[in-house]
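Note sheet for the following structure.
Number of protein chains: 2
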Amino acid sequence: MPNRNPSTVSIDPALKSFMQLAGERVEHKLSALLPPETTQPCRLHAAMRYSALDGGKRIRPLLVYAAGDALECDHASLDPAACAVELVHAYSLVHDDLPAMDDDELRRGKPTCHVNYDEATAILVGDSLQSLAFQVLSDNASDDIPASARLQMIQILARASGSRGMAGGQALDIYGVGNEMNLPELENMHIHKTGALIRASVQLGALTAQASATRLKRLDHYAKAVGLAFQVQDDILDISGDTATLGKTAGKDQAAKKPTYPMLLGLEGAREKAKELLHEALDSLADFDEKADHLRQLAYFIIGRNS
Amino acid sequence: MPNRNPSTVSIDPALKSFMQLAGERVEHKLSALLPPETTQPCRLHAAMRYSALDGGKRIRPLLVYAAGDALECDHASLDPAACAVELVHAYSLVHDDLPAMDDDELRRGKPTCHVNYDEATAILVGDSLQSLAFQVLSDNASDDIPASARLQMIQILARASGSRGMAGGQALDIYGVGNEMNLPELENMHIHKTGALIRASVQLGALTAQASATRLKRLDHYAKAVGLAFQVQDDILDISGDTATLGKTAGKDQAAKKPTYPMLLGLEGAREKAKELLHEALDSLADFDEKADHLRQLAYFIIGRNS
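So the sequence lines, in the order shown, correspond to chains A and D. According to our numbering, the residues represented by the first sequence are 120 to 426, in order. According to our numbering, the residues represented by the second sequence are 120 to 426, in order.
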């Protein structure tokens, strides 16, 4: 078991290799799924590829593959779930960046979709990426997964994305700007905005691997803790990181007077909270053997990352 | 067989009764599906209900029920498909009305979602209504439909909604404003923007009813013709209708220099085109008995309507 203090942990070489392989894998699959830029409407398809490819840490697909690994599921079966959660994530970033929402000009070190293309295109990019997520999960090609399990995966992803999941969390975030938010309210917002899709990622990986109800429950507990830890770390990075490393505008939450964990708990308090959540995540995996190490390493990575 | 000249046909009493019953049915089901306004985030849920309830002619759900009727399927089994296509339609209207898109202030006689609420809410309303459509199709409750058929329905709806379907059509429409568009280009735009979801509605109804491949093909042919006819009639109404009857701003396409059928074919030419498409739709149903009369009556209605 590695040292449980995230600040002393650099990226584990095994995790680095897993992240690279799984990251390349999902990139390749997404590239094949997304219509080529030569297909009409070319501008829309170019913008979809711009927004979904070559970007980000791919945390959600990594969680799909890592959850599958914990249950000895082959990566080929996990591809549809990995692509679907990343497509939903990519759509949410494009819409969240819009002027009427968070009004961000920089994302993953590149101009945001509406800046590089236009607002109408960005709206349609998000809409189309969402449809594509459900298309890939319902596709015949993934017929090594039973139809009933695929329906369950679609149900989970749809709930996690909608008004009682991710989109609802974004609404709470927007409606919260400029208003006082206490800790339970902040937590509730993040549980929806980021947590729901992270939980769905682990659940979709586990369902692809046909996990037992007990294992599914433990993995979900892991995912809940990791999802919240992810957001706490995001808030910490917003005040302690710099724009170049983050690939998005640093200090933005502070400037917008958005409630954050460091604001409510202090920077040290927020770091303590992240560490507690890391321990909770690791404890949830107590009954899993070394095949769950990618999940463990990802939990460390999420809290130790600097971008 | 009724007179085939749509201009002499008023609404058939049998159609009127079907439209009322099926319309009330889908309204009731949608109301139960949509989270109550008292559920957080309340503003988002209120805006979702505002956008999806109490509106429109419900053409797409009516086509689901009518296609099911043609194959003697009970309406309860058809409810998920009827709700799903209407949710996708409602989401598309909310997003199409946004300032960055068509910039419409009036829809179904009421202020559009972003006018009545705000732009951020309207973006999230559309996103959440789309998720809800896939949620209802994948829900356990509809287990009288085999899982494989439900996956096929989700696949069809996802494709029809995405960048190679409805959202792609909206992109073609937006990119076409101010540019010359010839008849094949105009048709291609409408086949995607309106046609794809209308075809999906009929297909989802037919798949719920477990239609044979032959019947599915004929119904799809009907839907293609009706879908295009619907748009031709929309274009005609935009120049010959008035704002009060339409419930949306009349003359808007003309003012925006959007290409329309009357512009390319003249008003009489467009009316002729609508009639031809009506005949094509009716001919596709030649092998169906009187149980397909709701489909026939809907085809007349779509071309004869004045709003």
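C-beta atoms are modelled at their ideal positions from N, C-alpha and C, and glycine is treated no differently.
- Taking 7 Å as the threshold, the shortest C-beta distance from leucine 291(A) to chain D falls below it.
- Cβ-Cβ distances below 7 Å link arginine 278(A) to Gly284 in the same chain, with the five nearest sequence neighbours on each side left out; the list follows chain order.
- Nearest CB-CB separation between alanine 260(A) and chain D: not below the 7 Å threshold.
- Between leucine 338(A) and alanine 325(A), the CB-CB gap stays under 7 Å.
- Take the alpha-carbon of serine 320(D) and the one of aspartate 258(A): they are about 19 Å apart.
- Taking the Cα positions, leucine 401(A) is about 25 Å away from aspartate 357(A).
- With a cut-off of 8 Å on Cβ pairs, the stretch 178 to 193 of chain A is not in contact with the stretch 158 to 170 of chain A, counting fewer than three such pairs.
- Annotation: leucine 276(A) to valine 204(A) spans about 8 Å, alpha carbon to alpha carbon.
- Burial check for aspartate 193(D): the Cβ neighbour count within 10 Å stays below 16, so the residue is exposed.
- Per DSSP, proline 199(D) has no beta bridge partner at all.
- Identification of residues in the stretch 142 to 156 of chain A having a C-beta nearer than 9 Å to some C-beta of chain D yields Leu153 and Pro154, given in sequence order.
- At least 7 Å separates the CB of alanine 195(A) from every CB of chain D.
- The beta-carbon distance between threonine 240(D) and arginine 162(D), rounded to whole angstroms, is 6 Å. This is short enough to meet the 8 Å contact definition.
- Here proline 230(A) is bridged, per DSSP, to Leu225(A).
- Judged by DSSP secondary structure, valine 244(A) falls within the alpha helix (DSSP H) whose first and last residues are 238 to 256.
- Note on leucine 206(A): 16 or more other CB atoms within 10 angstroms of its CB, so buried under the neighbour-count rule.
- In terms of Cβ geometry, leucine 291(A) and methionine 272(A) do not form a close pair [threshold 7 Å].
- If you check each beta-carbon in the stretch 297 to 313 of chain A against every beta-carbon of chain D, the ones closer than 9 Å belong to Asn307 and His311.
- The beta carbon of leucine 384(D) sits closer than 7 Å to the beta carbons of Lys392 from its chain, once the five residues preceding and following it are set aside; these are given in chain order.
- Collapsing the DSSP output to three states places cysteine 192(A) in coil.
- Any Cβ of chain D closer than 7 Å to the Cβ of aspartate 198(A) would place that residue at the interface, and such an atom is absent.
- Under the 8 Å Cβ criterion, the stretch 343 to 359 of chain D does not count as touching the stretch 215 to 228 of chain D, having fewer than three qualifying pairs.
- Between alanine 209(A) and leucine 248(A), the C-beta spacing is below 7 Å.
- Inter-residue distance for arginine 179(D) and alanine 344(D) is about 14 Å (C-alpha atoms, whole angstroms).
- Residues Ala166 of the same chain have their beta carbon placed closer than 6 Å to that of tyrosine 236(A), with the five preceding and five following residues left out of the count.
- A distance below 8 Å between beta-carbons, with the five flanking residues on each side excluded, links arginine 318(A) to the following residues of its chain, in chain order: Ala279, Asp339, Ala342, Lys343 and Gly346.
- Comparing alpha-carbon positions, the option among Arg390(A), Ala200(A), Met300(A) and Glu146(A) lying closest to glycine 175(A) turns out to be Glu146(A).
- The C-alpha of glutamine 329(A) is placed about 13 Å away from the C-alpha of tyrosine 184(A).
- Going by DSSP, arginine 334(D) is part of the alpha helix (DSSP H) stretching over 332 to 359.
- At least one CB of chain A lies nearer than 7 Å to the CB of alanine 266(D).
- For aspartate 215(A), no CB of chain D lies under 7 Å from its own CB, so it is not counted at the interface with that chain.
- At least one beta carbon of chain A lies nearer than 7 Å to the beta carbon of leucine 270(D).
- Taking CB atoms only, glycine 295(A) has no neighbour in chain D less than 7 Å away.
- Where alanine 260(D) is concerned, there is no enclosing alpha helix (DSSP H), because DSSP gives it neither an H nor an E.
- Inter-residue distance for serine 250(D) and glycine 314(D) is about 21 Å (C-alpha atoms, whole angstroms).
- Residue-level contact by beta carbon holds for isoleucine 242(A) and chain D, with a gap shorter than 7 Å.
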